[in-house]
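Letter 17 of the sequence shown, counting from 1, is numbered 16 in numbering that gives the first Met the number 0, and no numbers are missing.
Take a look at the structure set out below.
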Amino acid sequence: MTSEIESNDVRPHAGRAEAIIRRNVLWSLVGGVLPVPVVDVVAIKGVQLKMLKELADLYEVSFTRDIAKTLVGTLISSTGSVGVGATLGYGFVKLVPGVGTALGIISTSVVAGAATYALGKVFMMHFETGGTFLDFDAAAMRSHFWSELEKAKETVAKMQQEP
């Protein structure tokens, strides 16, 4: 019992932050299902910014939409052509009738959910250590983002299968 209390004292917001991340991953999965390329990407980015605002509010960190947009763009683009190209490619596959639409929807959802999850986990860790948007070093967080992104693919795939 004591260790449970101690762990809650060390990370008092972790449970609520996890719930915020999970809820927004589910919204990103919905955004990935939108059948129109580019509209899906805009919706997913909107969900990610909403999640960062919710996390900032939880940790009592000042939120500036423009700074958050820049940081999200920097982290997501840090996945290089693999992440950005895959997201755009999966989105445009939706234009192919039938199989392309189904494949694009499934693929875009997984990539969107995984990126949202990884983004949430990175900012949760940063805020847990007292960080703010102003002292967030995207270059230093890239490897952690990549690590979370790899873990997120499996997590998001399981979330998609839940009722």
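Each residue gets a CB set at the ideal place from its N, CA and C atoms; glycine is no exception.
Fair warning: this is a prediction, and the values are worked out from it, not measured in the lab.
Chain-order list of residues whose beta-carbon lies under 6 Å from that of residue i (same chain, five-residue window excluded)
i	result
V37	none
P96	Residue placement at P96 is poorly supported in this model, since its pLDDT is 49, which falls under 50; the coordinates are not used for a value here.
N23	V46, M50 and T115
A137	L70, T73 and L74
A55	F62
S27	I43, V46, A111, G112 and T115
Contact set for residue i: own chain, Cβ-Cβ below 8 Å, skip 5 residues either direction
i	result
G82	The predicted model places G82 with a pLDDT of 46, which falls under 50 and marks its position as unreliable; any figure quoted below should be read in that light. Taken in chain order, the residues that qualify are I75, S76, V110, A114 and L148.
L33	D39 and A42
Expected contact under 8 Å - CB spacing of residue i and residue j to nearest Å
i	j	result
V126	A67	What sits at residue 126 in the sequence shown is Phe, not Val. With 8 Å as the limit, F126 and A67 do not qualify as a contact, their Cβ atoms being about 12 Å apart.
M140	V121	5 Å
Cβ shell of residue i (< 7 Å), same chain only, five flanking positions each side left out
i	result
Y163	Because the chain is modelled from 0 through 162, residue 163 falls outside the range shown and cannot be assessed.
V60	F126, T131 and F132
F144	L74, S77, A117 and V121
Residue i vs residue j beta-carbon contact at 8 Å
i	j	result
M158	L48	no
S108	G31	yes
I20	G129	no
M123	A18	no
Checklist entry - Does the region 111–121 come close enough to the region 149–159 that 3 or more CB-CB pairs lie under 8 Å? => result yes
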